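Novice:
Number of protein chains: 2
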Amino acid sequence: MIYSENDRVFLGHGSGGILTGELISNLFFYYFKNDILEEMTDAARLKIKSHFLSFTTDSFVVDPLFFPGGDIGKLAVCGTVNDLAVSGAKPLYLSCGFIIEEGFSLYKLEKIVQSMSEEAERAQVQIVTGDTKVVAKGQCDKLFINTSGIGSLIYRNKGIGKAENICNGDKIIINGSIGDHGISILSARNELNIKTNLMSDCASLNGLIENVLEKSEGIKFMRDATRGGLATVLCELAEQKNIGIELNETDIPVKEEVRGVCELLGFDPLYIANEGKVVIIVKNENAKEVLEIMKKHPLGKESRIIGELKDINPGLVWLNTQIGGKRLVDKLSGEQLPRIC
Amino acid sequence: MIYSENDRVFLGHGSGGILTGELISNLFFYYFKNDILEEMTDAARLKIKSHFLSFTTDSFVVDPLFFPGGDIGKLAVCGTVNDLAVSGAKPLYLSCGFIIEEGFSLYKLEKIVQSMSEEAERAQVQIVTGDTKVVAKGQCDKLFINTSGIGSLIYRNKGIGKAENICNGDKIIINGSIGDHGISILSARNELNIKTNLMSDCASLNGLIENVLEKSEGIKFMRDATRGGLATVLCELAEQKNIGIELNETDIPVKEEVRGVCELLGFDPLYIANEGKVVIIVKNENAKEVLEIMKKHPLGKESRIIGELKDINPGLVWLNTQIGGKRLVDKLSGEQLPRIC
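As structure tokens, then:
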């Protein structure tokens with residue numbers, strides 16, 4: 001580690017002067033090192049083979065900054081990588097903007113930067129440009145990160161970003177259990193004195209997604225189920241495409257601990273945030289093939305078909321419940337868990 | 001206006017659910033409207049003719065949000081447009097990420113979004129993707145904005161991003177008076193009871209810069225003099241390229257009011273932030289030509305040659321003062337004015 005536990009961020013680290021320069025060369029260049037970043041221009045100069053690009057942005061305000069399974073840095077890389085991947089792009093380059101509260105630990109900042117660098121390497125993307133602002137004590141809560149990203153839109157012809165060709169009979173697949181991220185964050189907050197062994201599912205899904213897109217022709221739509229959870233992805237899709245969506249409760253993987261905490265607090269796992277789950281809509285005849293492909297990837301071992309598209313009840317999402325009833329799945333109103341990502 | 005003065009931002013506006021959806025369709029789509037944004041994918045799908053791109057990011061935490069000559073929204077667009085332009089790129093697409101404090105006025109948010117949309121139109125860029133997070137009261141100070149941007153690196157062969165070919169005798173040009181932005185912000189804060197008629201110089205410089213790059217072959221380097229001011233740009237350049245830089249104090253345009261406030265508070269205008277000033281290094285024989293081109297543009301009327309590069313004192317910047325002395329211009333240590341951009 002470069003910094004020790006007593007080192008702090010000063011306002012001057014955001015001044016653009018000597019301290020900013022030190023932070024950039026000691027910390028950011030050291031961990032993010034790549035030729036593009038080290039040109040030290042205000043804007044990164046890129047050469048991209050494709051004319052078709054995907055471009056996305058996300059700000060991360062997760063509280064706490066460190067949680068089982070990750071931290072805000074890993075989350076910021078995964079979130080932006082996943083948004084690019086589900087649009088049919090190969091993620092290539094990320095930017096990163098820090099807003100830091102005066103007095104924040106440089107030691108913790110270094111851990112976060114290190115974690116970003118490790119996740120970027122795992123996801124095979126480069127962090128090529130950045131910005132640091134420091135605000136006075138009390139003007140932000142510890143640290144916020146924005147990551148924006150550019151990808152090469154390799155799979156643009158599959159129309160997956162826009163769900164153009166979805167129809168009755170298409171199957172819905174998810175790559176594992178829902179709610180792990182949200183409930184991990186909640187228990188890491190310690191406010192409710194809930195103890196679990198849960199870990200956030202925070203992961204870069206581009207490897208898994210690329211496998212599926214390379215090997216199957218049946219993919220019609222993909223979306224990562226983050227804020228608002230699985231329910232929000234499907235409710236938006238049903239509404240936008242005016243199609244019915246049927247889910248089978250018994251097929252949706254939910255870990256016992258997630259279910260337990262949700263029951264205790266009156267939450268519904270369908271609405272809890274994930275950070276490593278992708279919802280895939282696939283042609284009926286390709287569903288098994290896609291499932292097999294997904295199960296071979298470490299992040300897809302628990303993949304399941306959880307429902308299908310219907311030409312009844314257009315615009316609605318419903319659940320065939322465990323006890324044999326039907327329950328309407330509504331859009332999330334209000335906020336279940338603020339600062340989950 | 002869509003919102004009235006009593007409308008407020010709730011935590012639910014950042015949930016990813018119904019309120020987020022309303023904010024996106026009512027506010028962001030209305031003001032930023034363009035086909036790419038309205039595809040409603042998580043990542044914008046772009047088609048760019050060039051393989052050479054410029055990519056940059058900036059977070060804006062300026063306080064106050066509204067100031068003479070602009071607001072945080074205009075600033076966020078100009079800042080990112082300018083970073084792209086000085087790298088030799090034609091700015092094309094921006095992302096925008098909001099971090100908003102619970103309870104913030106929706107009416108003010110609308111004014112800021114409107115202002116972003118107006119400045120984007122002026123600069124001929126499109127805002128194609130975005131993100132909104134809301135944090136609880138007290139966890140951020142009103143509103144922060146991140147804008148990242150992509151440009152097509154049209155003038156990449158001129159090497160201006162990297163200052164590769166600068167040498168003894170090259171002239172330094174700036175497009176007008178320094179310190180206007182910083183001192184406007186300072187007086188808008190009202191803490192010091194300073195009243196001025198100053199306006200921030202906040203402006204998108206891509207039009208001016210494109211003119212210069214189109215019409216002259218002599219440009220060797222460009223940088224916008226934001227945080228840390230003119231001094232910081234030149235000190236960094238002198239150090240990186242191990243060259244001497246001589247400035248003539250009498251040639252550097254400083255408004256009377258800026259000079260006055262600086263004297264009062266012990267600031268040096270050389271270090272005060274600008275948001276509409278570009279420093280250009282140009283071959284000696286092209287300097288007059290470039291100056292003429294610049295003066296024809298509304299944002300370049302006050303352009304001046306303020307100094308030149310020297311093969312003495314490598315790594316240093318010095319000022320020939322008004323009274324005939326020489327003063328070393330050092331890098332900024334510490335922070336003069338936090339939250340200036």
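Quick mapping for you: the protein sequence lines, in order, are chains A and G.
Heads up, the first sequence is in my numbering, so the first residue is 1 and it goes up one at a time.
Heads up, the second sequence is in my numbering, so the first residue is 1 and it goes up one at a time.
Backbone N, C-alpha and C fix where the C-beta goes; we use that ideal spot for every residue, glycine too.
Keep in mind that this is a model prediction, so the values were computed, not measured.
Just to check my reading of the structure: A:K133 and G:V61 have Cβ atoms closer than 8 Å, yes? What is that Cβ distance to the nearest angstrom?
Specialist: So it is a contact: roughly 5 Å between Cβ atoms.
Novice: Kindly list, in the order they appear in chain A, the residues whose Cβ is closer than 8 Å to that of G:A44.
Specialist: Under the 8 Å cutoff, chain A gives S54, F55 and T56.
Novice: Find the nearest neighbour of G:Q126 within the set G:L106, G:T80 and G:F98, judged by alpha-carbon distance.
Specialist: Ranking the options by Cα distance to G:Q126, first place goes to G:T80.
Novice: Could you tell me which residues DSSP puts in a beta bridge with G:L143?
Specialist: According to DSSP, which records beta bridges pairwise, G:L143 is partnered with G:I100.
Novice: Is the segment 244–256 of chain G close to the segment 40–52 of chain A, with three or more CB pairs under 8 Å?
Specialist: No contact exists between the segment 244–256 of chain G and the segment 40–52 of chain A.
Novice: I'd like to know whether the C-beta of G:F28 is nearer than 7 Å to at least one C-beta of chain A.
Specialist: No, because no Cβ of chain A sits closer than 7 Å to the Cβ of G:F28.
Novice: Grab me the residues of G:V128's own chain with a C-beta within less than 6 Å of its C-beta, minus the 5 sequence neighbours each way, in chain order.
Specialist: Excluding residues within five positions, the ones whose Cβ falls inside 6 Å are I36, L37, A44 and Y93.
Novice: With A:F52 and G:S95 assumed to form a contact (beta carbons below 8 Å), what rounded beta-carbon distance in angstroms separates them?
Specialist: With a Cβ gap of about 17 Å, A:F52 and G:S95 do not count as contacting.
Novice: Just to confirm the assignment, what range does the alpha helix (DSSP H) spanning A:S224 have?
Specialist: Here residue 224 of chain A turns out to be Asp, not Ser, going by the sequence shown. Unbroken run through A:D224 is the beta strand (DSSP E), I219 to D224; no alpha helix (DSSP H).
Novice: State yes or no: is the beta carbon of A:H181 nearer than 7 Å to at least one beta carbon in chain G?
Specialist: No, no contact with chain G.
Novice: Less than 7 Å separating the beta-carbons of G:V279 and G:I183?
Specialist: No; because the gap between Cβ atoms is not below 7 Å, this pair is not in contact.
Novice: Is G:I145 near G:F98, with beta carbons less than 7 Å apart?
Specialist: Going by C-beta atoms, G:I145 is nearer than 7 Å to G:F98.
Novice: Could you check the C-alpha separation between G:M222 and G:I281 for me, to the nearest Å?
Specialist: Using only the alpha carbons, I get a separation of about 6 Å.
Novice: Report yes or no: do three or more beta-carbon pairs, one from the segment 24–36 of chain A and one from the segment 20–30 of chain G, lie closer than 8 Å?
Specialist: No, because fewer than three Cβ pairs between the segment 24–36 of chain A and the segment 20–30 of chain G fall closer than 8 Å, the two stretches do not touch.
Novice: Would G:C78 count as contacting chain A if we go by Cβ distances under 7 Å?
Specialist: False, the Cβ-Cβ gap to chain A never drops below 7 Å.
Novice: A:G130 lies in the alpha helix (DSSP H); which residues open and close that run?
Specialist: Looking at the DSSP string, A:G130 is not in any alpha helix (DSSP H); the run it does join, the beta strand (DSSP E), is Q126 to V135.
Novice: Which whole-angstrom value is the C-beta distance of A:A123 and A:S204, which I expect to be below 8 Å?
Specialist: Confirmed, Cβ separation roughly 4 Å.
Novice: Our contact map puts A:K220 next to A:I160 with C-beta atoms below 8 Å; I'd like the distance itself, whole angstroms only.
Specialist: Between A:I160 and A:K220 the Cβ distance is about 7 Å, and since that is below 8 Å, they are a contact.
Novice: I'd like to check one pair, A:Y271 with A:L213: are the Cβ atoms closer than 7 Å?
Specialist: No, they are not a contact pair.
Novice: Taking DSSP as the reference, what is the three-state secondary structure of A:Y155?
Specialist: Correct three-state label for A:Y155: coil.
Novice: At which residues does the alpha helix (DSSP H) containing G:G182 begin and terminate?
Specialist: Note, G:G182: alpha helix (DSSP H), D180 to A188.
Novice: So is G:P64 buried or exposed if we call it buried at 16+ other beta carbons inside 10 Å?
Specialist: It is exposed - the Cβ of G:P64 has fewer than 16 other Cβ atoms within 10 Å.
Novice: Output, in chain order, the set of chain A residues within a Cβ distance shorter than 8 Å of G:I166.
Specialist: What G:I166 touches in chain A: nothing, since even the nearest Cβ is about 14 Å away.
Novice: Flag G:R327 as yes if its beta-carbon sits less than 7 Å from any beta-carbon of chain A, otherwise no.
Specialist: No, G:R327 does not count as interfacial toward chain A.
Novice: 7 Å is my cut-off, CB to CB: does A:V61 come that close to chain G?
Specialist: Chain G, which has a Cβ nearer than 7 Å to the Cβ of A:V61, makes this yes.
Novice: On the premise that A:V135 lies in contact with A:E101, defined as a C-beta separation below 8 Å, what is that separation, rounded to the nearest angstrom?
Specialist: Contact holds; Cβ gap of about 6 Å.
Novice: Leaving out the 5 sequence neighbours to the left and right, which residues in its chain are closer than 6 Å to G:D224 when beta-carbon positions are compared?
Specialist: Result list for G:D224: N82, V86 and V278, in chain order.
Novice: Can you have a look at G:D251 and say buried or exposed, based on whether 16 or more other CB atoms are within 10 angstroms of its CB?
Specialist: Per the 10 Å Cβ criterion, exposed.
Novice: Interface residues of chain A around G:T250 at Cβ under 9 Å?
Specialist: Going along chain A, no residue has its Cβ under 9 Å from G:T250, so there is no contact; the nearest lies around 25 Å.
Novice: Taking the alpha carbon of A:E308 as the reference point, which residue from A:G14, A:E285, A:A188 and A:G130 has its own alpha carbon closest?
Specialist: The shortest C-alpha separation from A:E308 is found at A:E285.
Novice: On the criterion of 16 or more Cβ atoms from any shown chain inside 10 Å, does A:P91 qualify as buried, or is it exposed?
Specialist: Classification for A:P91: buried.
Novice: Looking at the structure shown, is A:N26 part of a helix, part of a strand, or coil, going by DSSP?
Specialist: Correct three-state label for A:N26: helix.
Novice: Tell me whether G:N248 sits in a helix, a strand or coil according to DSSP, three-state version.
Specialist: In the structure shown, G:N248 sits in a strand (DSSP, three-state: E or B).
Novice: Which term fits G:D180, buried or exposed, when burial requires 16 or more other beta carbons within 10 angstroms of its beta carbon?
Specialist: It is buried - the Cβ of G:D180 has at least 16 other Cβ atoms within 10 Å.
Novice: Confirm, please, whether the CB-CB distance from A:N168 to A:D311 is below 7 Å.
Specialist: In this structure, A:N168 lies closer than 7 Å to A:D311 by Cβ.
Novice: So, does the CB of G:S148 fall closer than 7 Å to a CB anywhere in chain A?
Specialist: For G:S148, the answer is yes, since a Cβ of chain A falls inside 7 Å of its Cβ.
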